[in-house]
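Okay, structure first, notes after.
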Amino acid sequence: MSRTIKISKRKQEILNAAAILFRYKGYSATSMRDLAEKVGLEVSSLYSHIKSKEEILITLCFNCANLYSQGLNQIMDMDTSAMQKFDAIMDLHINIAIDHPSSITVFNDEWKHLGVADLTEFLKVRKNYEKVVKSVLQNGIDEKVFKEYPLDILMNTVLSAMRWIHYSNSEYGKVERSTVQSTVKNIVMSGIKY
Numbered sequence: 392m393s394r395t396i397k398i399s400k401r402k403q404e405i406l407n408a409a410a411i412l413f414r415y416k417g418y419s420a421t422s423m424r425d426l427a428e429k430v431g432l433e434v435s436s437l438y439s440h441i442k443s444k445e446e447i448l449i450t451l452c453f454n455c456a457n458l459y460s461q462g463l464n465q466i467m468d469m470d471t472s473a474m475q476k477f478d479a480i481m482d483l484h485i486n487i488a489i490d491h492p493s494s495i496t497v498f499n500d501e502w503k504h505l506g507v508a509d510l511t512e513f514l515k516v517r518k519n520y521e522k523v524v525k526s527v528l529q530n531g532i533d534e535k536v537f538k539e540y541p542l543d544i545l546m547n548t549v550l551s552a553m554r555w556i557h558y559s560n561s562e563y564g565k566v567e568r569s570t571v572q573s574t575v576k577n578i579v580m581s582g583i584k585y
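Here you go:
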């Protein structure tokens with residue numbers, strides 16, 4: 392079960408700035424002073440909005456986990472084929488990567504800095520998500536619409552095909568977003584579809 396963390400408008404501004412700093416400098420190399428400068432506050436004032444740098448990391452990681460989990464839950468509630476569900480999963484990944492590139496970079500690369508309890512919970516949420524994605528792929532194999540490959544390799548390969556999007560420094564407009572979506576989905580589907 393993933394956590395929901397409520398956030399004020401000012402705190403969201405701080406989180407957005409932190410995500411950008413973590414994206415480009417890394418979690419370890421970013422100081423609270425860097426963050427305070429980025430948002431135009433004194434370090435002491437920053438602490439009236441957040442407890443610690445670790446709290447920021449926890450919030451960013453679990454908020455992204457919630458985006459994926461909530462999107463996946465909506466997809467799984469759809470009464471559609473495995474192929475349509477997997478198509479929707481790819482859209483989910485692409486849209487989140489385009490809409491939240493800095494937060495997704497933190498989610499994908501900086502989670503390893505979480506404390507033990509949060510790391511355990513985060514990995515549990517992530518494993519559950521992967522389990523559901525595997526079930527969609529397995530259903531596609533069972534329906535004979537996807538080629539039969541070892542499930543772990545298949546899932547990791549198709550999800551990895553979308554991991555580069557948030558690293559791009561491009562600003563995607565409506566046309567570019569559509570091009571990224573259709574191109575990535577066509578490449579992935581051409582590799583797994585019968």
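Start counting the sequence shown at 392; every next residue gets the next number (my numbering).
Ideal Cβ placement from N, Cα and C applies to all residues, glycine included.
Please determine, among Ser559, Lys584, Ala409 and Leu528, the residue with the shortest C-alpha to C-alpha distance to Ile449. In the sequence shown, the residue the question calls residue 449 occupies position 58. Minimum Cα distance to Ile449 is reached at Ala409.
Output the distance between the C-alpha atoms of Met392 and Asn454, rounded to the nearest integer angstrom. Start at 1 with the first residue of the sequence shown, and residue 392 comes out as number 1. Start at 1 with the first residue of the sequence shown, and residue 454 comes out as number 63. Legend: pLDDT at Met392 = 49, less than 50; position of this residue unreliable, value from coordinates given subsequently. Rounded to whole angstroms, Met392 to Asn454 spans 12 Å at the Cα level.
Measure the alpha-carbon distance for Asn464 versus Asn519 and round it to whole angstroms. In the sequence shown, the residue the question calls residue 464 occupies position 73. In the sequence shown, the residue the question calls residue 519 occupies position 128. Near 11 Å, if we compare the C-alpha coordinates of Asn519 and Asn464.
For chain B, find out if any of its Cβ atoms is closer than 9 Å to the Cβ of Thr574; answer yes or no. Protein chains in the displayed structure number just one, and chain B is not present.
So, helix, strand or coil for Lys429, using DSSP? To locate residue 429, count along the sequence shown from 1; it is residue 38. Three-state result, Lys429: helix.
Here's a check: name, in chain order, each residue in its chain whose Cβ is nearer than 6 Å to the Cβ of Arg424, leaving out the five neighbours to either side. For this step, residue 424 is matched to residue 33 along the sequence shown. Val434, listed in sequence order.
Helix, strand or coil at Lys538 [DSSP, three-state]: Here residue 538 corresponds to residue number 147 of the sequence shown, with the count starting at 1. Looking at Lys538 - three-state DSSP - the assignment turns out to be coil, as it is neither helix nor strand.
Assuming Val524 and Ile480 are in contact, meaning their beta carbons sit under 8 Å apart, how far apart are those beta carbons, in whole angstroms? Reading the sequence shown from its first residue, position 133 is the one you call residue 524. Reading the sequence shown from its first residue, position 89 is the one you call residue 480. Sure, about 6 Å apart at Cβ, within 8 Å.
Close beta carbons around Glu445, own chain, < 7 Å, minus the five adjacent residues each side: As a working note, residue 445 is residue 54 in the sequence shown. Closer than 7 Å at Cβ, skipping near neighbours: Gly506.
Pick out whichever of Asn577, Ser439, Ser569 and Ser399 has its Cα sitting closest to the Cα of Thr489. For the purposes of this step, residue 489 is identified with residue 98 of the sequence shown, where counting begins at 1. The amino acid occupying residue 489 in the given sequence is Ile; Thr does not appear at that position. Selected option, being the one with the closest Cα: Ser569.
Identify, in the order they occur along the chain, each residue of the same chain with its Cβ nearer than 6 Å to the Cβ of Lys476, setting aside the five sequence neighbours on each side. The residue you call residue 476 lines up with position 85 of the sequence shown. Correct list, in chain order: Ile466 and Val527.
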